[in-house]
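Just so we're aligned: the sequence shown equals residues 67 to 236 in this note's numbering. Below: the structure, in structure tokens.
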Amino acid sequence: MPSRTASLGLLKKCEYVAPGQIGVCRRTMLNRETLQRPKTGQVCTRGRPKQPKGFTYGMVYQRNPYEIYQCFNWPTTKEGDHIDPNCLPRDFHRINVESVKEGIHPVPKWIQFAKEKNYRMNPTQRVLGRLRKPKFPDDMTFGLLARPSTPMNCIMSHQYKAIWDKSALE
């Protein structure tokens, strides 16, 4: 039987160590995480466990990091479920149906009927997206475009001064 340089217990422990060479096993190999392999069918966990949700490394920042963003985005939605019915658009389809049921056909009587009844659209029913806010493309510009930058060679050659002098003399 060949002689062993390591004890039998050490060889059993080194069964799951990957030294890169067959038959080489030292006690220091048991401490190196990069050489350790998992047992067959098991997972080898290295490092620390995942931190719990809401864990912060370092000092906790007391202020809200989104303060400036919230200042520039003013809240446009009203809190609460109450919707003012006078803000909703008029439901002309319902006005027409109800006026026909009551036998109102002349225009002046229809206008008077529409003012009296004041039918508004149902706030929960978004008919054909008429109550939906329009979506504008990202590259759309509102207002006047910025004027083009002044060419540097025109400034250096005093062309703008010459144009101003001409207009002042005229």
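Where a beta carbon is used, it is the ideal one built from N, C-alpha and C, also for glycine. Only a predicted model underlies this, so the values are computations on that prediction, with no experimental measurement involved.
- Query: Can we say the segment 206-221 touches the segment 182-192, given the rule of at least three CB pairs closer than 8 angstroms?
  - Reply: no
- Query: DSSP on residue 129, reduced to helix/strand/coil?
  - Reply: coil
- Message: For residue 170 and residue 202, what's the separation of their Cα atoms in angstroms?
- Response: 42 angstroms
- Query: Does DSSP put residue 117 in a helix, a strand or coil?
  - Reply: coil
- Message: Just to confirm, is the Cβ distance from residue 161 to residue 138 under 9 angstroms?
- Response: no
- Where the alpha helix (DSSP H) through residue 180 begins and ends: 173-183
- Item | CB contact check: residue 158 to chain B, cutoff 9 angstroms | In the structure shown, chain B cannot be found, because there is only a single protein chain.
- Just checking my contact of residue 189 with residue 154 at CB under 8 angstroms: how many whole Å lie between their CB atoms? 6 angstroms
- N- and C-terminal bounds of the alpha helix (DSSP H) containing residue 262: Because residue 262 is not part of the residues shown, which for the chain are 67 to 236, the question remains open.
- Query: Cα separation between residue 167 and residue 130?
  - Reply: 59 angstroms
- Query: So residue 96 packs on residue 78, CB below 8 angstroms; how close in whole Å?
  - Reply: Actually they are not in contact, since the Cβ atoms of residue 96 and residue 78 sit about 11 angstroms apart, beyond 8 angstroms.
- Message: Strictly by DSSP, which residues pair up with residue 186?
- Response: 156
- Measure the C-alpha to C-alpha separation of residue 159 and residue 136 and round it to an integer number of angstroms. 41 angstroms
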